[in-house]
Every structure is written in structure tokens, then in C-alpha cells.
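Protein chains in written order, with the numbering used here: chain A, 1 to 378; chain B, 1 to 278; chain C, 1 to 336; chain D, 1 to 434; chain E, 1 to 262.
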Amino acid sequence: EEIKIGVLLGFTGPIESTVAHMGPAAHLAIKEVSDSGLLLDGSTVVGVNGDTTCIDSAAATAAAERLITSDGVKGIVGGDCSGVTGAVLNNVALPNGVVMISPSATSPALSHRNNEDNGLFFRTAPSDARQGVVMAEILMEEGIDEVAVTYTNNDYGKGLADSFQAAFEEIGGAVTMTAAHEDGKADYSAEVGALASAGGQRLVVAGYVDQGGAGIVRAALDTGAFDTFHFPDGMMSDALVENFGSEINGSTGQHPSPTAELVERFKEVAAASGGDWEPTTPFTPESYDAAALILLAMQAAGTSDPNVYKDHIMDVANAPGEPIQAGELAKALEILADGGDVDYVGGTGVELIEPGEAAGLYRQVLIKDGENTTVQFR
Amino acid sequence: MSNGSNPYRSDRGNKDRSITNPHGVGEIPLRDSGKTSRVEGENPFLIGEKMTGGYAKNAPDILHECTIAVNPGEIAVIVGPNGAGKSTAMKAVFGMLDLREGRVLLDGEDISALSPQDRVAKGMGFVPQTNNIFTSLTVEENLEMGAFIRRDDISDTMAQVYDLFPILKEKRNQAAGELSGGQRQQVAVGRSLMTRPKVLMLDEPTAGVSPIVMDELFDRIIEVARTGLPVLMVEQNARQALGIADRGFVLVQGRNGHTGTGKELLADPEVRASFLGG
Amino acid sequence: MDILNALIVLANFVLVPAITYGSQLALGALGVTMIYGILRFSNFAHGDSMAMGTMVAILLTWLFQSMGISAGPLPTALLALPFAIAATIVFLLVTDRLVYRFYRRQKAKPIIFVMASLGVMFVYNGLVRFVLGPDDHRFTDGERFIISVRDFKALTGMSEGLAIRTTQGLTVITAVIVVAALFWFLGRTRTGKSMRAYSDNEDLALLSGINPERVVMYTWMIVAGLITIAGVLYGLDKSFKPFTYFQLLLPIFASAIVGGLGSPLGAIAGGFIIAFSEVTITYAWKRVLTYALPDDLAPSGLVQLLSTDYKFAVSFMILVIVLLFRPTGIFRGKSV
Amino acid sequence: MSETMKNTLLFAAVAGLIILTGFMQSWNSALFIINMGLISAIMALGVNLQWGFAGLFNVGVMGFVALGGLAVVLVSMPPVGDAWAAGGAQVLIGLVLGGATIAGGVVIYQKMAPGRARTLAMIATLGVGFFVYRFVFDAGVEAIEAVNPAGTGYLGGLGLPVLLAWPVGGLLAAGAAWFIGKTALGLRSDYLAIATLGIAEIVIAVLKNEDWLSRGVKNVAGLPRPVPNEIDLQQDPGFVARAEGLGIDPVIASSLYVKLGYAFLFLVVLVIVLWLAQRALHSPWGRMMRAIRDNEIAAEAMGKDVTARHLQVFILGSAICGMAGAMMTTLDGQLTPSSYQPLRFTFLVWVMVIVGGSGNNLGSVLGGFLIWFLWVQVEPIGHWLMSVMTYSLAEDNALRLHLLESAAHMRLLTMGLILLLVLRFSPRGLIPEK
Amino acid sequence: MITVDDVHKHFGGFHAVDGATLEIVEGSITGLIGPNGAGKTTLFNVIAGVLEPTSGRVTMSGEDITGLPPHTLFHKGLLRTFQIAHEFRSMTCRENLMMVPGDQSGERLWNTWFGRRRIAEEERALRAKADEVLEFLTIEHLADQRADEVSGGQKKLLELGRTMMVGAKIVFLDEVGAGVNRTLLNTIGDAIIRLNKERNYTFVVIEHDMDFIDKLCDPVICMAEGKVLAQGSLAEIKANEQVIEAYLGTGLKNKAKAGVEA
Ligand SMILES: Nc1ncnc2c1ncn2[C@@H]1O[C@H](COP(=O)(O)OP(=O)(O)OP(=O)(O)O)[C@@H](O)[C@H]1O
Ligand SMILES: Nc1ncnc2c1ncn2[C@@H]1O[C@H](COP(=O)(O)OP(=O)(O)OP(=O)(O)O)[C@@H](O)[C@H]1O
Ligand SMILES: [Mg+2]
Ligand SMILES: [Mg+2]
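Dropping the structure here:
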């Protein structure tokens, strides 16, 4: 059997630069499984790309329609932006009964859809509601009780900013100002000017490192508006320290990942594959994990029928079972084939909680001497 | 050139000037020139010979074996009813029309295949009926542009033009668009003289100008012609124009109706009745 | 009360960024205005042409960097700039040859050119991503600051600092030089005058012996220069990302229109108006006022007229208001 | 070849493409293309009305489409009682105050004699009014947005049938168009373009940032549908039996059924709009509009009230775009403000109109279908093309990998090439204006 | 019928019309002459509502019409032609005429959908009327030709034709004669006289052709530099020193003059 997996991401459009790394990561997992020849009695797997454009629900729906009804994919890694993800889920995946695992749609708003999704929708990125709380705790423990917040103006940024503000204020912190920034715009002086005026001990940048977020940090540093920051997952990547190096010493951040070894390990796996993509780009390991989960669940279920294997996704993702690192998919397939149980860890230390989203184990990071160092895991 | 048959020129309602800029869009087709050849025999200095053709490839012919010609020192005038093809004939001589038959000779050279642009280079000066000055440039810059193809010192010619039209000297640094109608016509003629043309073609230079300016212009044109420069012009003001013409062509429906000296035509009762308003 | 510090804050967060951004927009708008004035259409491909030019500069910068060539304290990209301009000229001329020239010969209506430029925009859009991918690229090197906040504070002993980046300084200086050169060229040289003549009246220009194709060629060459300079300066100052360059189209057009399409002076003014309106209207004046006012009057709120969410909307509002009072733009564009 | 013949062939060709999709890919895909094609055709008709008939350059299509989308939320979502209780009244009062401030400013401007006193009075009124408005309004907004922000945090809608949202979307767009038209058209049509561009951006900014209204960037999902739910159908034994009777898999049957339902609704709207537009075009009204387009000054001198006609046509066209926007949001089932991007909703619609043939209603319909088809299909075509092109290269050839990787960007490239080709060989569009 | 009271029109610092005061008598054919740039067309535009005067008042039959838009004035019976022909270029010559009459029921959107019968009838009548006018102007063969494909003079005829499509009270003609063949111009002159006599149209005619003015106009007003220079019968005007100096001139100085007289 040749099994097809849809990779439905915004290859063109506003987040095309992030997706340029997420796509290959998903394909890497697919290739790994396919090459092993162990899936469902030697089935091969191919990944089929579909372009959501991130913004155009109709185009995304059309692409999903094509993937599912024409290519006959058995599962979808995607979508990326929460807007199109919701549209695809409702209009295509749900009616056709196909599993979707989104690596990047972190909006809390998607959570409630889980109640009416027939158990078809999962995500390897934790909901922002959880991250907001973690973030508030980290800052408080650092002794910081007054921050300014800027977020990328989409459901991810807004949701994260909202949940952070609520959590932070609850434990006694104060947010001097919350300013949105649009990704892909020409200039961020206005935002930085306003944020600087509002002041705060630290600037929380709930954006993307390869989008407006970087522009904001750059401008804030250069004008001396802020010199330490706090970075949630969208900002945390090697690109961050590459770009800013020791300029952001003393900044903090967190991203969903249990251990530093996982990050290192995923980098190695990526490097071994010979691709020229950047494994630390936000949501890239998540993409790998999403694809891996689908395939492992198939193996566990013994079928590629989404309506059957959807019930095995939680099983393979969580304990009990043999922990499976990134790059060990073949081993997992074998164990599953033998009727064993696995606990998929993958690139991000996947731990799925009801209703089907990542539990959110976070690695707390401190930027020291231009390196990002692990403080602890939460 | 016809707007109807060239789809690229269809006039969509692009009134929105924040998007397009219709200011000063041209009509003269741009094309590559063909070869020229020398023609033996006695020919007038400039002649459009037996020209037949229309505005577009498969549009009906407007000109039918129409001939117009002019010699050095002469003024040739084309008259005729509206829509007779006077302007079309001028355009044909200037290469703005694809001729199906006939040829254009300049100084014994067949230039039928040349583009309008190269005809300018060959020394033909043309003053269109309208839009004949650069409104946003100063008077002096207008004259400079007239001499664009010349590489030599133009100050002498400029002085001559200023002599011819003293008012222009006064207004040399004013934008030409701020001048009155008659003054604009003077700029236009002056501009074409700056080229040092071998032949000057004028399309209705006096349309809409006041009598006093018209007299002035006619005077200047005569003066210019006296210097040996052949002048070919279209005029609706036929009686005055034929009065100064050495040659007159009456066009009727794209054909040569009557030809003769200005005086002969003025004297011809038929011409008087049907074209000169009695 | 501390007026000096208030001024420094204002300069640091409002004036310097807005002047830089304004210069970048002005350079872009100059290109738009040149094409509008001489080739008579609004070039929707402008943003992507900028990306194209910058892309070449980036590739060359990488090459130079790998060869170990550098410009000392200045960004290496400056060395690459002349070559990039040359390459962009070739690009634009080839595009003109393949696309626009045909319509010019057909005497097509300007709107057809506009639509064709839309097509060109799509194609460039794809091409840039084809070559360089959609990623963000930073290609600046050399000295980062002319003066940094820390240095400034150390130097002056003020409590507030002022930073001027090298790229900011470069942007403004280059913009001034380019604009001056352009004005000299258009107003004084024979070729410049012939371009103005062509812009005024195509037919008459042709009848005067001005070769339209040459005018068009010069226009594209100048435009290529302008966009490459604008694109590289912008990329140096912020970063290069194809999508952002596409998005730049909007503010650039707004600048050109506010200033009066077809008027080079207007393009410059327009660029600054848009930049300043984006930055100032949504600025939170708290910090400035805290310094500027006596202590007991110091504001407790942010003193922000509108949230930054609306900065783009605000600049458009300003645009509409300017047009209401000055329907042809500030410097009376070509529209009559 | 006669004109009718040619047009029929063109339409047949596009139909053929879609049918081919049905065979080669799936009927679901084909039907979805038809549905979006119908909506696109309606949008293109709206733009064509403005551009083709009247020469008005509207580059704010996106804004009107988005307003249509907003209408769906406001009409069809159930009201959020808690939010209304928390701050509904306050927000409304705030809005009234805001409106009153502007009205006050205008009245002062009109009533008082020009001079410093007037300027001061106006600034004072606007200033004080603005702060009072912000004070009242902001508090209300905060209260509303605090109500379960992850789930609701907005006022909700009226809970009316979703079909009602379509005309309401048209009305909302018409209102905005009236406002723009009054400002921009009265002065000079020249700068309509920039005004529309600006208003579109403002509309989107409001949609993105006014969470109390439609949840801003957090999106409103789960909009009611005018057709049954696929899952419900799949669970309906009667339906399943019928589907199986026809020999179709019930899952596929259910999604086809739903899509056909949408297609029917959209088709009805398209036919009505097309009929009205055609009638208007081929009448003295159409002649008048053409005259105005050709020469405004002369038309004005011949007794035609150019500004009023422009306003009329601008409002009509925008209303149609608004309606199409509402239809599209209904089809999506959610309102996603960040999805409104000029490239997709303004430029692409323009491409439809131009490629189809501006000034010709049938052309717009054709353009809508064709361009939408391509917009969706150039992606797989691009991939296919790339793999054919690189077929001879080695598996791991760097160039091959790069090309395959970049295949996604074929989408824009192909759109551009098609636009350029059509312009080149059929500059007035596939079905030109007569 | 029309009074113009101290009208000024400034373009920037330039005073195109600089305090013009004049009166147009009902039923007359008034000639308006003056050197190029005297402000004649500008004054026309002010009266016809195309331009708003900087100051001054225009009244029509006692009613203040200053600043009313052209389309309102059209419905009050004030028509004008343009010095530079303003044809509707993408429409046929016949359509150019048919679009003129106001109050066509087919111009209301509602009727285009639900009042087809009435429209069809009206159209038939309009068409007949348009053909009649075309025939009168000797361009009936151009009825179905696009208006931008006819010669310059023919466009001017079309321009005149439009004013004949409706019953007007006063018609402003801006250089109908420029570029029109003299023989045809005579015909046009006759038509103007006929319209004036039979339908009691009032005409105001700008023209540089003195023969034409001579044939039609009484009184004649001469403008210069934005002001009214002289007013009276043509004979009076022709004798006026100022007018001769500013406008008429003394004829050609050299050969040309001789040629004309020969
Ligand atoms: N651009 C054009 N396309 C097609 N036909 C045209 C075009 N211009 C003019 N014609 C036709 O060509 C014929 C001759 O026109 P032309 O302009 O040469 O007349 P003319 O003798 O100059 O008349 P006038 O004295 O009125 O200017 C006319 O019948 C006109 O309909
Ligand atoms: N829109 C404008 N802006 C600036 N100046 C203008 C404008 N319109 C006309 N003028 C100037 O006003 C003056 C009067 O112009 P007008 O057209 O009224 O002259 P005219 O008497 O009709 O002349 P002609 O006999 O040449 O038609 C001219 O000098 C002209 O350049
Ligand atoms: Mg002519
Ligand atoms: Mg005049």
C-alpha cells in the first residue's frame, strides 16, 4: 500500500519563511518511516504538500479538498495559522473523517473545537493558555513585576498576550502596555516608541522570530528602549541568538520542550538528513512530531484508516511505553508491530493531554553570553 | 491608430489619475524604419505621391491616390471639406500611416519606409494642429528641445527665432503653458524652426487664433518660406491661405479634387462655391 | 521639568526613526513617481522590483564577504551596490523589452500598463522566492552605530540616550545625495530635459527628434538605481524579506500620492508625511511629557491618542484628509 | 466565428477544466471550485460595475468583502448575554457619544463664522468629546472582553438566520461605500483609489482590533450554515440509505450534497445579480454610464449628474462585493480578519475582471471562474511542472531539490504569466466589451 | 436673459476673468470676440457652472445661478458646446446624440429592470430625432461610426448636434467654426439663425471668423484681458480703436494681403 500524508501549510503568504522549515521537517519524519519499510507490512509513505497560504481560507479549503478527496491522504499535518486550520477542519477534515495534527495552531480558541471534532483534531503545540501561566510564573520568580507586552496581531499572539496578562496580573504583576504589531510590515518605530514610553522592566515579545518580532527587538535594542526581553515559543530559536547574540544577555524565555538534549538531538537528526532547513525555527520539531504521531498511530492501529487510528494517537504519544526519540521512528514501528507500547518523545517531548493537545512542558531559558542556556524545565 | 480596431487602445474608463497618467500620451506609432533608396528623375523637393491607405490594416482607405508636393521657397496649401483627409494626408507624408500604395520622396530619396522619427532626423519639421508645445517647459526649453537633434551651437538659430517672434524673447523663462493661444502657435512654429528643417509641415496653424495673430502668423510663414524653406500646410481659413499659396491642393474624399496655384484655385468658381464658402 | 531629556526622548523614538523611514519611503516613492510621470502608469511591481534589486545586492554581498572584501566600518553591501544597480538595470530593461515595449508600440492605454505591471509583480514575486527563498536575511555588517545609547549617555551625562545607527545615517545621507543628483539631472542636463519633454508630450518629443526608447531606457535606469538603493538601504536598516518588500508597496504609493503623483519633490515630502504620521499619531507621550512638564502635572496614563494597532489606518486617514484639502497632492501632481 | 459561439466555447472550456478536475482529482474538489468560482464571479461583477461601467478604480474591494463577513457574525451568531450585561449598553452609549462628538464638530464648522473662534470651538468639542468617548467606550469594551475571552469576549450577533446576513452584508458595504463616495467622489474621482485603499485598511484594522465586535484576531468560528451538516447527514440513516442506493459512499455523498446546496444558493444569487447588471448595461442607463466614463465634463454639460451616478454605481458595486463577502464567510464557516489581504481580495479580483473582459458582465463571470480555478490549481500544476522539468536530474541534485522546494512559488509566477499572456493577446479581456 | 455681474476668475495669481460685466438679451445672437487668452472660454465655463467664479454673480432670467453645477443648468435650458470637441469617444455618433435628452425614463435603474416597454418606445423616438439631426448636419453616413474616428471638423458638428437634441433656452457656442469648412459653416450659420427665429433660442457665440460674426451676431461683445472691452453692433466694434489694436489688427502687412485682395 502507498499511504499518503498531507502536509498542509502556508508555503506562500505571510509565514512562508517559517513554513519553509516546517514542511521539510514533516517530510523528514515521513521519509524516515517510509525508508524503514516497517510501516504496516512494508507500506510506503509519501507526503503531499498543500498550500494554505496562511490567510486564504478558501484556498486552504480547496487545497485540503484536493488532498483528501483527490489524493486520498490518510492524515494531515497542518494547518498552520489558526484561521485556516479552523476552516479546513470544519469544512473538509471533519466531514471526510480525516485526522489533522497541527504543529503550530496554538490558539486557545481552537481548544473548544475539540469537543465537536469527533476526536480528529490534535496539536503538537500546546495551547497558549498554558504558556501564559508558565510565562507569568517565570517572570515573577525572576523578580519582575512590571512588563510591557507586544504581540503579533493574530490569534496566536493575541491569545498568548491575553492569557499571560490575566495570569500575570493575578499573581500581582502589572502590564504597562500591550501593543500589537503586524507581521511583515515596513517599520516598527511607532510600536517601539509607544512601548518605550510605557516602560517596564522587561519587554515580552509574543511574536515570531522571523517576522515582526525580530524587528521589534531590533528597534527596541537600538533605541535603548529595553535591553532585556522575555521570549515565548514563537521567538525561541537559534535564529534569535544568531541575530542578537549577546545584545540580549539577561533575557529570558521559554518554549515547549522538556530537555535540552531533545533540542540537540533534533538538530542532529535534521543535520543527518542533509536538508538545508533550520531545525530550531519555531514549530519545526512540532511538524516532525505531528507527522510521526500520525504514522505511529497507524502502526499501532494496524490500519491507515483515520477513523480507527485516531484513537491510538494518545496512546503512542503518552506513557506507558518505550520512549522514542526523534530519529528513532523505525525502532518505534518495530515495537508497535510486535504489539509493544511506545511513548513518543520526538523533537518536542510530546505529551498529549485531553482534548488532544500538547501538555506543555516548557524549557525555561536564560540568554547568557549570547547563548541560550537552560534554567530548568516546567 | 484607430482606437476602435486596436484593442490595446480601447478607452477604458481610466479616469482615476492616481493610477494612470493620460497626460501627454502620444498617437504617433513607434516602429522600426525600413530602407531608403535614391530615385532618379525630376521630382519636387517633398512629394507624397499617389498615396492610398487608411488608419488600420483592414480599415477602409481614407486616401485614394492622393498626391501633395512642395518645392523650396514655396508655400503649398491643402484645403477641403471636413473629413476630406487633409490631416490624414499630412500624417501619411510624415509616415504616421501605413501606405498601401504610393510613396513619399524627400529630396530625391524614397523615404516611404522610414519611421516618423527618422523622418525628423532627415530634416522634416511638423507642427501638429493641437498639443504642439511642451506646456510644462519654459519657452526657451521648448526651443532647445526643438534643436534636440542638433549637436552644434544653437544660439544663432535661437536668436533668429527670437528676432522672428520678439514676444517669445520677452517670455523666454515662462512656462509655455501659461501663454495665450496665439503665442503658443508662435512657440510651436519657432520650435520647428530650431530643427533647421529642410521642409516645414503645418496642420491648421491658425485654427482658433484671433485675426491679429493670424495675420502675424501668415506674415511669419511667408518670411520663413522666403528663406527658401518649403512650407506645406493645411488650412481651413482657405481664402487667406490660398492667397499666399504658390500651390494649392483641394482634397475631396481623399482624392485630389483640384490642383493649381493659389490664385487659380481662388479664381475657380466651383472651388469658391463648394469649399471657400462662396 | 527637563526639556533637554524630553527632546532626546523625542529624537530617539520619534525623529530619528521617522526621518530614516521617511527617507526610505521617499526613495521608493521617487521611483513610483518617475514611472508615473514618464511612463504614465502606476507600477504595482515596484515593491517586488525593490526586492529584486536587493536580492542581487545580497547575493553580491555574500560573494564579497566570502572573498574577504569589506568596506571597513561601512556595510559591505555598499560595495555591492553599484553592481547590483547594474544588474537591476538589466532586469528592468529586459522586463521592459519583454512586456512593456510591446504595449508602448501599440500605444496602449496606461491602464493596460498598470495591469501588466500587476502581472510583472506576480512574476517577480515568484522569482525572488525562487532564488532566495522566502526567508528573512540580514546582510548588514561593519560598525553598527554612529552613536549608541550608552555612548551618548556617557558622552553627555544625560539620563536619556540617543542612538543613531550607521544604516540610519547612511540612509539619510544617501537619500539626500540621490535626490540632489536626480534634481540636477532632470533640470539641467540635456537628457533630463528630454525626459521632461517626453513626459509632457510624447508625440511632440518624438517630432523633436527625441528617441522615446532612449527616454524610456534612461527612466528605467534611474528607477533601477532608485529602487536598488532604496531596497538595500531598507534591507540594511531593517532586514530583507520578500514579503515585507511587497507590503512596502502600500506606504510607498501613499507617499507618492500625498506628495502629488508625478512630482519628485512631492514624493519626498509624501514619504516624510507618511512616516511621521505613522510614528507620531500613535506615540505614547507619557515619557516625553513626564520630562517636559512639572512633576505634579506628570501624566499617569500613556497619553496616546490612538493605539498602535491603528497606525496604518491613521496614516491613510491623514492621506485622505490631505487630499480633501489639496486634491492633487501637496505639490500638485500631474493630474489636471 | 460568431461572438456568441466564441463566448460559448470559452465558457465550455472553463466548464471543461472544472469537469476535468472532477475526473482527475475529485468531484468534491470540482464542486468546491465551482462554489468559490460563483462567489468570485459575483465579486468580479461588483468590481466590473464600478470599473467597467463607470471607470471607478476601487482598490478597496477587500474592505467591502470583509464588511460582508462581519455581517454574518452580527446577524447569525447567538447574542452573548453575559457580555451584553457586562458592557453592552456602555459600548453603545460610547458609540453614540463618539458619533455626537463628530456631529458636534461638523455643526460648529457649518454654523459658526470662519475664524479663530470656530477653530478653537471645534478643537475643544472634538477634544473633550474624544476623551469622554474613550472613557465611556473603553470601560465598556474592557468589561465585554473580559467575559470568557478564549470563548466569547464579544457581544455576539442577533441569532437570525444566516441567509439574512447576505443582504445585510450588502447593506453594510453600501453604507461604507456611501461614506467613501461622499468624501472622495464629490471632490474628484481621481483619488477614489487611494480613499478606497485607505478605508479598506481601516475596516480591516477595526475588524482585527475591536474584539468586542467580532473577537478581533481571535476569529469567530462555528458560524451557522444555511445547509445541513455533513456529520449529521452521515448519521441520518435515511440519507445513508439513499446514498448507498445511488452507489456512493455516504461520506462522499454527504459532502457532495452539502456543496451542491451551497452551489444552488450561490447560483441563484449570481443569476439575479447578472440579470440585473445585464439589463442595466443594455439600456439608456448603461449608455449614460458609458458617456460619463468617456467624458465626464461633457456628460455633466449634457445634464447628467455625474457625481450622483458615480455614487450610485459605487454603492451598488460595493454592495455586491459585500454580499459576496458574506457568502464567502458563510461558506468558510468562520470569520478570520487576518485573512483579509489586498493581494487576495483586491488584486486577484481585479485580475478576474481584467482577464474576463472589463465592461462585460459575462466576461467578469468567466474571469471569476477561470482565475479562481487557476488560483487553486496552479499549485499542483506547478509541482507537476517542476517534477517534469527536473525529471532528468539526479535524485539529490541540488538544483532539483531547490526547484522542487520552490515549487510552491509557482503559484504567483503562473498567475503573473497568465495575466501577461491574456493582456498580450487579448488585451480587452477574453470576452471584450462590445 | 443672462446677466454677468463683475465676475472674477483667478487661477492662482492669474486673473483669467477680471471683472466682466455684461448682459445677454433674450432672443439675441450675441457674438463674443477677443484675443486669445482674453478669458472668453473661462467666462463661458463660469456661466455654465464648470468653474466656480472667484467672485461675482451670474443670473438667468432673474434667478441667481452662480455656482450651480452644469447638469442643473442643463435642465434649466442652458446648453453649451466645447471649444475642444468633447465627444463620447467610445460611442457611435448616433449614441452621442441619443444620450443627450434629460429625464429619459431609461436612465433610472429601476426602469431598466421593470419598465422595458416604455424605454423601448422612448428609444425609438430618440433615434428618429438623432437621425434627423445627423442628416441636418450632413453627417448621416457617420451615424454608426465611433465618435473618435471622425475628423476634427466632424466632431465639432457633433458637438453642435447635441444642442439640437433638446429644446434649449440659451446655447453657448464656443468656436463652432474653428476647423470647420467655410461652406459648411455657412450652413451652420443658417441653422443657428433658424433656431433663433423659429424656436426662439438665445445664442452666445465665440468666434474668430469675422465673416461668421458679421452674418449672425448682433450685438457683439469684445473682451480683452478678462474685461469687457467694448460692446455694440459689429460695425461699432469694428470701428473701435481699442478693438482693432487688441484683436482685429489691420490685416496682413505684405504679400498675403495683396493676395487676398487680388
Ligand atoms: N483615428 C482615426 N481612425 C479611423 N478613421 C479616422 C481617424 N481619424 C480620422 N478618420 C477618418 O478619416 C477621414 C479623414 O479624416 P481627416 O482627419 O484626415 O479629415 P480632415 O480633412 O483633416 O478634416 P477636418 O478639416 O475636419 O480636420 C474622416 O472620414 C474620418 O472619419
Ligand atoms: N485651468 C486653468 N489654469 C490656469 N490658467 C488657465 C486655466 N484655464 C485658462 N487659463 C488661462 O486663462 C486665460 C484665459 O483663457 P480662455 O480659455 O478663457 O481664453 P479664450 O478667451 O477662450 O481664448 P481663445 O480664443 O484662445 O480660446 C488664458 O491665458 C489661459 O492660459
Ligand atoms: Mg484635420
Ligand atoms: Mg477659448
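All C-beta atoms, glycine included, are put in the ideal place defined by N, C-alpha and C.
| field | Beta carbon proximity, Pro69/E to chain D, threshold 8 Å | value | Here residue 69/E refers to the residue found at position 69 of the fifth sequence. Cβ-Cβ to chain D under 8 Å: yes for Pro69/E.
| Residues proximal to ligand 1 by C-beta, any heavy atom closer than 5 Å | Ser2/B, Tyr55/B, Ile62/B, Asn82/B, Gly83/B, Ala84/B, Gly85/B, Lys86/B, Ser87/B, Thr88/B, Glu149/E, Val150/E, Ser151/E, Gly152/E, Gly153/E
| message | Within 8 Å of any Cβ in chain D, is that where the Cβ of Lys31/A sits? | response | In the first sequence, counting from the first residue as 1, residue 31/A sits at position 31. Answer no: the Cβ-Cβ gap between Lys31/A and chain D never drops below 8 Å.
| request: For Thr252/A, count neighbouring Cβ atoms within 10 angstroms of its own Cβ and tell me buried if that reaches 16, exposed if not. | output: On the first sequence, residue 252/A is found 252 positions in, with the first residue counted as 1. So Thr252/A counts as buried.
| task | Kindly indicate if chain C contains any beta-carbon less than 8 Å away from that of Leu449/D. | result | Given that chain D is displayed from residue 1 to residue 434, the structure contains no residue 449/D and the question cannot be resolved.
| request: With a threshold of 7 Å, establish whether the CB of Gly179/E neighbours any heavy atom of ligand 2. | output: As a position in the fifth sequence, residue 179/E is number 179, starting the count at 1. Gly179/E: no, Cβ never under 7 Å from ligand 2.
| task | Report yes if the C-beta distance between Gly174/A and Glu146/A is below 8 Å; otherwise report no. | result | Reading the first sequence from its first residue, position 174 is the one you call residue 174/A. Reading the first sequence from its first residue, position 146 is the one you call residue 146/A. Before going on, a small fix: residue 174/A reads as Ala here, not Gly. Contact: yes.
| message | Looking at the strands, I want to know which residues DSSP matches up with Asp98/B. | response | As a working mapping, residue 98/B is identified with position 98 in the second sequence. According to DSSP, Asp98/B bridges with Gly54/B.
| message | Taking the straight line between their C-alpha atoms, what separation do you get for Gly46/D and Leu56/D? | response | As a working mapping, residue 46/D is identified with position 46 in the fourth sequence. As a working mapping, residue 56/D is identified with position 56 in the fourth sequence. Their backbone Cα atoms lie some 11 Å apart in a straight line.
| said: Does chain D have any CB closer than 8 Å to the CB of Gly189/E? | reply: The residue labelled residue 189/E in the question sits at position 189 within the fifth sequence. Chain D, which has no Cβ nearer than 8 Å to the Cβ of Gly189/E, makes this no.
| query | For Leu92/C, which option in Met67/C, Asn43/C, Arg138/C, Arg144/C has the closest C-alpha, if you only look at C-alpha atoms? | reply | Mapped onto the third sequence, residue 92/C falls at position 92. The candidate whose alpha carbon is nearest that of Leu92/C is Asn43/C.
| task | Verify the contact flag: Ala20/E, CB atom, against every heavy atom of ligand 2, threshold strictly below 7 Å. | result | Residue numbering aside, residue 20/E sits at position 20 when the fifth sequence is read from its first letter. No, the Cβ of Ala20/E stays beyond 7 Å of every heavy atom of ligand 2.
| request: Kindly list the residues whose CB is nearer than 7 Å to the CB of Phe11/D, restricted to its own chain and excluding five residues on each side of it in sequence; keep chain order. | output: Within the fourth sequence, numbered from 1, the residue matching residue 11/D stands at position 11. Taken in chain order, the residues that qualify are Leu366.
| message | Please identify, using Cβ separations under 8 Å, the residues of the stretch 190-214 of chain B that lie next to chain E, in order along the chain. | response | Glu204, Ala207, Gly208, Val209, Ser210, Pro211, Ile212, Val213, Met214
| task | Would you kindly work out how many angstroms separate the C-alpha atoms of Leu252/E and Leu202/B, rounded to a whole number? | result | As a position in the fifth sequence, residue 252/E is number 252, starting the count at 1. As a position in the second sequence, residue 202/B is number 202, starting the count at 1. Residue placement at Leu252/E cannot be trusted, given a pLDDT of 49 that sits under 50; what the coordinates show is reported in the next sentence. Cα to Cα, the separation comes out at about 19 Å.
| query | Does ligand 2 have even one heavy atom less than 7 Å from the beta-carbon of Lys40/E? | reply | Taking the first residue of the fifth sequence as 1, we reach residue 40/E at position 40. Yes.
| Val128/D classed as buried or exposed, judged by whether at least 16 other C-beta atoms fall within 10 angstroms | The count along the fourth sequence starts at 1 and reaches residue 128/D at position 128. When all chains shown are included, Val128/D counts as exposed.
| message | Among Arg218/A, Glu286/A, Asp210/A, whose alpha-carbon lies nearest the alpha-carbon of Gly23/A? | response | Mapped onto the first sequence, residue 23/A falls at position 23. Nearest option by C-alpha distance: Glu286/A.
| query | In three-state DSSP terms, what is Pro66/B? | reply | Position 66 of the second sequence holds residue 66/B. In the sequence as displayed, the identity of residue 66/B is Cys instead of Pro. Note: Cys66/B maps to strand in three-state DSSP.
| query | Quick one: does Gly106/E have its CB under 8 Å from some CB of chain D? | reply | Taking the first residue of the fifth sequence as 1, we reach residue 106/E at position 106. Chain D contact via Cβ: present.
| query | So with Cβ pairs under 8 Å, would you call Ser2/B a contact of chain E? | reply | In the second sequence, residue 2/B corresponds to position 2, counting from 1. Only weak support is given to the placement of Ser2/B: the predicted model assigns it a pLDDT of 39, under 50, and the value that follows is read from those uncertain coordinates. It does: the Cβ of Ser2/B has a partner Cβ on chain E nearer than 8 Å.
| query | Which residue comes first and which comes last in the alpha helix (DSSP H) that contains Lys91/B? | reply | For the purposes of this step, residue 91/B is taken as residue 91 along the second sequence, with counting starting at 1. Its alpha helix (DSSP H) spans residues 86-93.
| task | Give the single residue among Leu226/C, Pro17/C, Tyr36/C whose Cα lies nearest to the Cα of Ala175/C. | result | Locating residue 175/C in the third sequence gives position 175, where the first residue counts as 1. Residue Leu226/C is the option with its Cα nearest to Ala175/C.
| said: At a threshold of 7 Å, does Asn36/E count as lining ligand 2 (C-beta to nearest heavy atom)? | reply: By one-based count along the fifth sequence, residue 36/E stands at place 36. Yes - ligand 2 has a heavy atom lying nearer than 7 Å to the Cβ of Asn36/E.
| request: Answer yes or no: does any C-beta atom of chain E fall closer than 8 Å to that of Ser189/D? | output: Position 189 of the fourth sequence, counted from the first residue, corresponds to residue 189/D. Residue placement at Ser189/D cannot be trusted, given a pLDDT of 48 that sits under 50; what the coordinates show is reported in the next sentence. Output row for Ser189/D: interface = no.
| query | How big is the Cα-Cα spacing for Leu430/D and Asp203/C? | reply | Taking the fourth sequence and counting its residues from 1, one reaches residue 430/D at position 430. Taking the third sequence and counting its residues from 1, one reaches residue 203/C at position 203. Leu430/D and Asp203/C: Cα-Cα distance of roughly 31 Å.
| Would you say the beta carbon of Gln83/E comes nearer than 7 Å to a heavy atom of ligand 2? | As a position in the fifth sequence, residue 83/E is number 83, starting the count at 1. Indeed, a heavy atom of ligand 2 lies less than 7 Å from the Cβ.
| task | Select from the stretch 72-104 of chain B all residues with a C-beta closer than 9 Å to any C-beta belonging to chain E, and list them in chain order. | result | Val79, Gly80, Pro81, Asn82, Gly83, Ala84, Gly85, Lys86, Ser87, Thr88
| What's the C-alpha gap between Gly73/B and Leu419/D? | Here the question's residue 73/B lines up with position 73 in the second sequence. Here the question's residue 419/D lines up with position 419 in the fourth sequence. Straight-line Cα distance between these residues: approximately 55 Å.
| With 16 other Cβ atoms within 10 Å as the buried cut-off, status of Phe272/C | Taking the first residue of the third sequence as 1, we reach residue 272/C at position 272. Here Phe272/C is buried. Its C-beta has 16 or more other C-beta atoms within 10 Å.
| said: Does the beta-carbon of Ser181/B, which I'm using as the reference point, lie nearer than 7 Å to any heavy atom of ligand 2? | reply: One-based indexing of the second sequence puts residue 181/B at position 181. It should be noted that the sequence gives Gly, not Ser, for residue 181/B. Checking the Cβ of Gly181/B against ligand 2 gives yes.
| What's the call for Tyr391/D, buried or exposed, on a 16-neighbour Cβ count within 10 Å? | In the fourth sequence, the residue the question calls residue 391/D occupies position 391. By the 10 Å Cβ count, Tyr391/D comes out exposed.
| message | Given this structure, state the Cα-to-Cα distance separating His23/B from Asp118/B, to the nearest angstrom. | response | Counting from 1 along the second sequence, the entry for residue 23/B is found at position 23. Counting from 1 along the second sequence, the entry for residue 118/B is found at position 118. Distance between the alpha carbons of His23/B and Asp118/B: 25 Å.
| request: Answer with yes or no whether the minimum CB distance from His86/E to chain B is below 8 Å. | output: As a first step, residue 86/E is located in the fifth sequence; it is residue number 86 there, counting from the start. No, no contact with chain B.
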